[in-house]
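Line order of the protein sequences matches chains A and B.
Read left to right, the first sequence gives residues 24 to 347 (the working numbering).
Read left to right, the second sequence gives residues 24 to 347 (the working numbering).
Read through the structure below, which is laid out as structure tokens, and then see the notes.
Protein chains: 2
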Amino acid sequence: MMPEPVVLDAMGGDHGPAETVPGAVRAWREHGVPVILVGQAGVLRRELARAGAAGEIDVAHAADVVPMGERGVGALSRTGSSLAVGLDLVRQGAGGSFVSAGSTGAVVAGAVGRLGMAPPVLRPGLAVALPSVRGGATVLIDAGATADPAPEMLLQFALLGASYAQLVLGVADPSVGLLSIGSEPGKGNRLTRRAEELLRWMPFRFHGNVEGHDVLAGTVDVIVTDGFTGNVVLKNVEGSVRATLALVARCGIAAPEDLREVARRYDPETHGGAALLGLDGTVVVAHGSSGAATIARACVVARDLAEGEVVARVREHLTVKPVP
Amino acid sequence: MMPEPVVLDAMGGDHGPAETVPGAVRAWREHGVPVILVGQAGVLRRELARAGAAGEIDVAHAADVVPMGERGVGALSRTGSSLAVGLDLVRQGAGGSFVSAGSTGAVVAGAVGRLGMAPPVLRPGLAVALPSVRGGATVLIDAGATADPAPEMLLQFALLGASYAQLVLGVADPSVGLLSIGSEPGKGNRLTRRAEELLRWMPFRFHGNVEGHDVLAGTVDVIVTDGFTGNVVLKNVEGSVRATLALVARCGIAAPEDLREVARRYDPETHGGAALLGLDGTVVVAHGSSGAATIARACVVARDLAEGEVVARVREHLTVKPVP
Chain A
24 MMPEPVVLDA MGGDHGPAET VPGAVRAWRE HGVPVILVGQ AGVLRRELAR
74 AGAAGEIDVA HAADVVPMGE RGVGALSRTG SSLAVGLDLV RQGAGGSFVS
124 AGSTGAVVAG AVGRLGMAPP VLRPGLAVAL PSVRGGATVL IDAGATADPA
174 PEMLLQFALL GASYAQLVLG VADPSVGLLS IGSEPGKGNR LTRRAEELLR
224 WMPFRFHGNV EGHDVLAGTV DVIVTDGFTG NVVLKNVEGS VRATLALVAR
274 CGIAAPEDLR EVARRYDPET HGGAALLGLD GTVVVAHGSS GAATIARACV
324 VARDLAEGEV VARVREHLTV KPVP
Chain B
24 MMPEPVVLDA MGGDHGPAET VPGAVRAWRE HGVPVILVGQ AGVLRRELAR
74 AGAAGEIDVA HAADVVPMGE RGVGALSRTG SSLAVGLDLV RQGAGGSFVS
124 AGSTGAVVAG AVGRLGMAPP VLRPGLAVAL PSVRGGATVL IDAGATADPA
174 PEMLLQFALL GASYAQLVLG VADPSVGLLS IGSEPGKGNR LTRRAEELLR
224 WMPFRFHGNV EGHDVLAGTV DVIVTDGFTG NVVLKNVEGS VRATLALVAR
274 CGIAAPEDLR EVARRYDPET HGGAALLGLD GTVVVAHGSS GAATIARACV
324 VARDLAEGEV VARVREHLTV KPVP
């Protein structure tokens, strides 16, 4: 059976069609992922011809473009943009998932506005995979979609994050930790104390509480938190890595160009893309600077997440009612 | 006028009296800070004699010791410990402030239990100074004392943090930022959206929202947040710095020993000590590994904070009622 196409915002990202179009061609030729390119049709057809793939990838026209940096209300108001048209295609069932290298804020706001929730998921969670010092990666969810979740929503984020670890990172039996301010049970705030009680009843390896220093340490495969704390942590990782490397360079310990690879590795948005989970359609946000290879990779992740039916897993597991 | 003595938990820290006693002697001889040493009197008198300062520093006897790593209820139950006896001396007015190199958790729990709040402060805030890449430092408050504050408590933390920046870091007119998940007004969770409205009316330079990547960037002098987010961020800085340096070393870019100084600089507890503000008596927590010089510095910070009457400043400024 042909997989459902991935709808790709071809105008998103720092490089636009010059990278998204070759990325779509690679996703199709190298990974068998069918893609629908959304954007200014003339431009996209020219790029397809340049890539030697005229007529090989479907194109859907969208006249308008959301500029990088525009977010929230501004982004939502552009109904003719490649972002809006692409999301509408997913809502209408023309594709199973959506990929954009546009600004995370705009994509999240647009997707929450245009795609409905997938019941029984109550609110969407943004999953990002952060590289750990042990060599693997840790999924952080929610990294910024839902700022004030109820404890029950954290359970759903945990299930979504565990599915992401299985489908994208290939971890068979992921361990899940709850981000808090002390590893002992009962430590935390009102939200985490309640969530901790409920998480003990969920069908995965619950590690208990983890702390801020566990985020990059590889302590667990999935770290669950609210979207406020998660977004602060995601950006704090980025800033702390940058500050550390700046200090190493300033102390004359290493040359800045030698440190660039380390910086790039910890750039929080590069790792296979952030996935917005729990909506009626999977959304993957690739980094703005993504080249064709990264775009192709994001399309594969989107296809895998859509085929893995992460929401169906939440639905199934939540029939195991948590004991209050 | 003789300043009020600083009460020093002489048994706290990894090195105990071997470093706290010479630290007290230095605080007195080099900075004119009178200290009361609290702990096992025989041991302390021997150390004073060894330091050539027999009879020069007051000693208060406490038979018991809180082991490093013991926190919360365990720490609170040891009523004969140097921690408990020292805090009681402050409560009884024998000293104006308290310094310990014991575990932060134990000292915070003990201080909250044994010292009352200083009205009009509602809940205590833990202030830490993090070095910024620009060379100065940024005060993070609350770094872990109050996990679920109301918006009004964040205003008080902001005033306390601004006083800390003035008294300890010597910043004449500190700028204050609210930690959130977007720099635009209105971004954040329920707590920060309300706090942001109120902070605009406070008598200091309010910068607006800052984000996770601003913590080490020197964007503002004081970053205000709830104790849950602040503690996660504090530990995340520590873990991110450690992970970055491990990766730099593993890539063969620099030798681990060359990186140790950078690691030490970002150890989140080394920078003049964390100050627990808003209680009836200032409490400074020095790092567990503190040597005599760091202990002396913590005593100076405690004296400065006590003399600066940070709570009196809150009292004065809160007569400027925030407009709801």
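All C-beta atoms in this analysis are idealised placements derived from N, C-alpha and C, irrespective of residue type, glycine included.
Per DSSP, the bridge partner or partners of residue i
i	result
residue 305/B	120/B
residue 229/B	199/B
residue 62/A	84/A
residue 176/A	According to DSSP, which records beta bridges pairwise, residue 176/A is partnered with nothing at all.
residue 140/B	302/B
residue 162/B	152/B and 245/B
residue 32/B	61/B and 123/B
residue 297/B	308/B
Residue i versus residue j - alpha carbon distance
i	j	result
residue 292/A	residue 317/A	With a pLDDT of only 49 at residue 292/A, under the threshold of 50, the placement of this residue in the model should not be trusted; the figure read from the coordinates follows. Distance between the alpha carbons of residue 292/A and residue 317/A: 11 Å.
residue 262/A	residue 77/B	49 Å
residue 34/A	residue 122/A	11 Å
residue 61/A	residue 225/A	39 Å
residue 110/B	residue 106/A	60 Å
residue 144/B	residue 177/B	11 Å
residue 74/A	residue 218/B	53 Å
residue 255/A	residue 67/B	45 Å
residue 167/B	residue 248/B	10 Å
residue 30/B	residue 131/B	15 Å
residue 89/A	residue 104/A	6 Å
residue 82/B	residue 59/B	6 Å
residue 310/A	residue 101/B	53 Å
residue 297/A	residue 186/B	40 Å
residue 320/A	residue 331/B	57 Å
residue 147/A	residue 179/A	9 Å
residue 236/A	residue 57/A	40 Å
residue 339/A	residue 43/B	59 Å
residue 85/A	residue 39/A	14 Å
residue 127/B	residue 209/A	18 Å
residue 79/A	residue 142/A	35 Å
residue 259/B	residue 152/B	15 Å
residue 28/A	residue 278/B	48 Å
residue 223/A	residue 203/A	15 Å
residue 116/A	residue 63/A	21 Å
Simplified DSSP state of residue i, which is helix, strand or coil
i	result
residue 154/B	strand
residue 318/A	helix
residue 205/A	coil
residue 125/B	coil
residue 148/A	strand
residue 278/A	coil
residue 271/A	helix
residue 335/B	helix
residue 100/B	coil
residue 284/B	helix
residue 192/A	coil
residue 106/B	helix
residue 56/A	coil
residue 170/A	coil
residue 37/B	coil
residue 238/B	coil
residue 253/B	helix
residue 223/A	coil
residue 291/A	For residue 291/A, the pLDDT reaches just 49, beneath the cut-off of 50, and the residue's location in the model is therefore unreliable, although a value from the coordinates is still provided. Looking at residue 291/A - three-state DSSP - the assignment turns out to be coil, as it is neither helix nor strand.
residue 262/B	helix
Closest Cα partner of residue i within the set the options
i	options	result
residue 214/A	88/A, 252/A, 197/A and 194/A	252/A
residue 243/B	302/B, 230/B, 254/B and 236/B	230/B
residue 228/A	235/A, 245/A, 115/A and 64/A	245/A
residue 32/A	299/A, 114/A and 125/A	125/A
residue 157/A	267/B, 305/B, 151/B and 188/B	267/B
residue 196/A	38/A, 326/A and 184/A	184/A
residue 287/B	307/B, 313/B and 84/B	313/B
residue 171/A	211/B, 165/B and 271/B	211/B
residue 118/A	308/A, 304/A and 323/A	304/A
Supposed close pair residue i, residue j - CB separation, criterion 8 Å
i	j	result
residue 264/A	residue 163/A	With a Cβ gap of about 15 Å, residue 264/A and residue 163/A do not count as contacting.
residue 205/B	residue 232/B	6 Å
residue 182/B	residue 336/B	6 Å
residue 302/A	residue 191/A	So it is not a contact: roughly 17 Å between Cβ atoms.
residue 174/B	residue 221/B	6 Å
residue 46/B	residue 315/B	4 Å
residue 70/B	residue 41/B	7 Å
residue 306/A	residue 188/A	In fact, because the Cβ distance is near 18 Å, the residues do not count as touching under 8 Å.
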